[in-house]
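Take 40 as the starting number for the sequence shown in my numbering and just add one per residue.
We treat Cβ as the ideally placed atom computed from N, Cα and C, and that holds for glycine.
Structure, as structure tokens:
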Amino acid sequence: MTNWIPDPAALARPAYLSLAEQFARAIERGALPAGARLVPHRKLADALGLSVQTVSRAYDELIRRGLITGEVGRGSFVLGPGAEARQPYLPERPGEVIDLSILKPVVEAMHLDRLREGFLWLGENLAASSAMSFRPNMVMPQHQATGADWLMRQGIPAEPQGIIVTNGATPAITAAVMGVVPPGSGLAAEALTHHTLKPLCTYLGLHLEGVAMDGAGMLPAGLDEVARKGLIRGVYLQPNVINPLAVMMPAERRAELVEVARRHDLAIIENDILNVMIPDRAPAIAALAPERTLHICGFTKITVPGLRMAYLHAPPRHATAVSNRHLVANWMATPPMADLLSHWVGNGTVAELAAWQARALADRHALAAEVLGERMPSCHGKSLHLWLPLTEGWREEEFVEQARLRGVAVAAGNAFRTIERGRRDAIRVALGSTRIEELRRGLSTIAAMLSDAPEVLLPTI
40 MTNWIPDPAA LARPAYLSLA EQFARAIERG ALPAGARLVP HRKLADALGL
90 SVQTVSRAYD ELIRRGLITG EVGRGSFVLG PGAEARQPYL PERPGEVIDL
140 SILKPVVEAM HLDRLREGFL WLGENLAASS AMSFRPNMVM PQHQATGADW
190 LMRQGIPAEP QGIIVTNGAT PAITAAVMGV VPPGSGLAAE ALTHHTLKPL
240 CTYLGLHLEG VAMDGAGMLP AGLDEVARKG LIRGVYLQPN VINPLAVMMP
290 AERRAELVEV ARRHDLAIIE NDILNVMIPD RAPAIAALAP ERTLHICGFT
340 KITVPGLRMA YLHAPPRHAT AVSNRHLVAN WMATPPMADL LSHWVGNGTV
390 AELAAWQARA LADRHALAAE VLGERMPSCH GKSLHLWLPL TEGWREEEFV
440 EQARLRGVAV AAGNAFRTIE RGRRDAIRVA LGSTRIEELR RGLSTIAAML
490 SDAPEVLLPT I
């Protein structure tokens with residue numbers, strides 16, 4: 040543990056922010072080196088005459104800035120060089136950085152106009168139950184029916200009672216995992232998977248079993264191998280383009296994985312948040328194995344970021360458990376936003392915005408192919424991102440740091456990796472997160488870096 044502690048005489052109001060600033064300066068000048076363990080919350084609070092809550096808020100602020108990490112049971116530690124690469128996006132967007140780290144849909148002024156129009160409709164049509172009720176059963180049944188109809192139109196067997204309306208895909212993933220993977224057991228996922236799945240399993244006390252994959256996705260033989268150990272109870276898949284490789288899992292591979300899941304009686308969590316934005320998508324896994332598949336259908340990435348809504352459909356054997364987990368973790372989705380989603384599903388706005396998004400991304404893929412040339416990776420032409428393998432000599436952390444110094448933020452592959460076996464360093468490059476002229480400059484910077492031999496940038500004075 041470090042001997043350095045903040046100066047209580049230098050604290051100003053608000054105390055938590057002043058305390059965080061002292062830590063930040065100490066880390067910057069090297070008084071707190073990488074790996075140093077910070078003084079525990081209560082001990083520091085006693086030493087400085089502060090409340091434990093104030094110290095906790097200061098540490099939370101340092102975590103938000105990416106300066107420290109908190110590990111349950113071990114304490115808080117200073118992050119060293121490359122810390123920015125440990126999360127797949129910048130926690131905030133400072134200065135003139137071209138932020139290609141965060142996965143967002145392409146947005147223009149039109150999207151804000153449509154959302155404003157939606158809120159005007161909501162203001163004129165808001166039901167008393169949506170504004171006043173605390174009871175999901177008083178608010179959600181009509182939205183569950185809309186959700187079931189939407190999924191059935193996509194070829195997915197769905198019943199209204201199996202639908203849970205959530206505030207986006209993340210609560211849906213959480214409820215699904217909690218509903219089918221008991222504490223102490225395990226969940227299988229591809230070697231490259233959703234970046235929140237690793238911390239989620241850690242927080243829930245679950246074992247996350249990474250499974251080998253190829254260009255088509257998870258290997259059925261790999262899933263069979265880990266399932267034979269008897270620990271895993273479910274498997275998490277992202278078959279339709281939103282996976283880190285940005286590829287479409289072929290129908291044959293889906294059927295093979297379903298066969299393995301049936302053999303070992305595994306639940307399948309299928310994250311399909313791009314859904315109708317991918318018109319050539321293969322049949323959903325939920326259509327192949329409706330009796331065991333929990334299907335997540337999102338809307339944030341295909342319409343507008345402010346519409347943080349998703350449908351989670353669970354089969355009868357899991358519906359009650361998943362509904363209970365969502366209830367205790369989230370209670371219910373925000374009712375007025377559920378009203379807006381149902382309105383947009385019904386009047387065609389969702390389908391219209393998804394089609395617009397697909398066209399916009401096709402343009403951005405064309406731009407990426409022009410700038411990157413032969414380095415353009417193989418991926419689906421409607422994906423929100425590129426998975427870009429690095430050239431020989433580059434390590435992910437170094438590339439992310441040096442790109443950041445050149446004014447471009449990208450995501451390192453280690454945020455998505457569940458196993459190190461067969462690792463090839465790579466970065467994720469988001470295509471929709473910024474204006475197209477900034478995207479061109481950012482991709483040009485990346486292309487230039489990949490063409491040069493890696494060399495550490497010296498700090499300027």
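- Spanning the alpha carbons of T339 and K82 requires a straight line of approximately 43 Å.
- In the structure shown, A167 falls within a helical segment according to DSSP collapsed to helix, strand and coil.
- Excluding its 5 nearest sequence neighbours in each direction, A390 has C-beta neighbours in its own chain below 7 Å: V315, listed in chain order.
- Note on geometry: alpha-carbon atoms of Y55 and R443 lie some 28 Å from one another.
- Of all alpha-carbon atoms in V204, N453 and G194, the one lying nearest the alpha-carbon of Q181 is that of V204.
- The beta carbon of P322 is closer than 7 Å to those of G194 and A290 in its chain, skipping five residues each way along the sequence.
- Under DSSP, Y275 takes part in a beta bridge, and its partners are A228 and I308.
- By the Cβ-count criterion, F173 is exposed, with fewer than 16 other Cβ atoms from all chains shown falling within 10 Å of its own Cβ.
- Relative to the Cα of G254, the nearest Cα in the group M149, T241, C336 and P416 belongs to P416.
- Here the alpha carbons of A167 and F455 stand approximately 43 Å from one another.
- Boundaries of the alpha helix (DSSP H) harbouring A260: P259 to A266, taken from the DSSP string.
- In this structure, the alpha-carbon of V145 lies about 42 Å from that of A70.
- Of the residues D319, T342 and A306, the one whose Cα lies closest to the Cα of H334 is A306.
- When the alpha-carbon of L58 is set against those of N42, D85, A73 and L101, the nearest one is in L101.
- Scanning its chain for C-beta atoms nearer than 6 Å, with the 5 sequence neighbours on each side dropped, one finds around P259 the residues E295, L296 and V299, in chain order.
- Note on geometry: alpha-carbon atoms of V449 and R302 lie some 40 Å from one another.
- Residue pairing by DSSP leaves F62 without any beta bridge partner.
- Taking 3 residues as the shortest admissible run, the stretch 390-425 contains no complete beta strand (DSSP E) segment at all.
- The closest CA to that of H233, considering only V280, I44, D378 and L165, is found on V280.
- DSSP lists G225 as the beta-bridge partner residues of H246.
- About 10 Å separates the CB atoms of R434 and G452; that is not less than 8 Å, and the two are not in contact.
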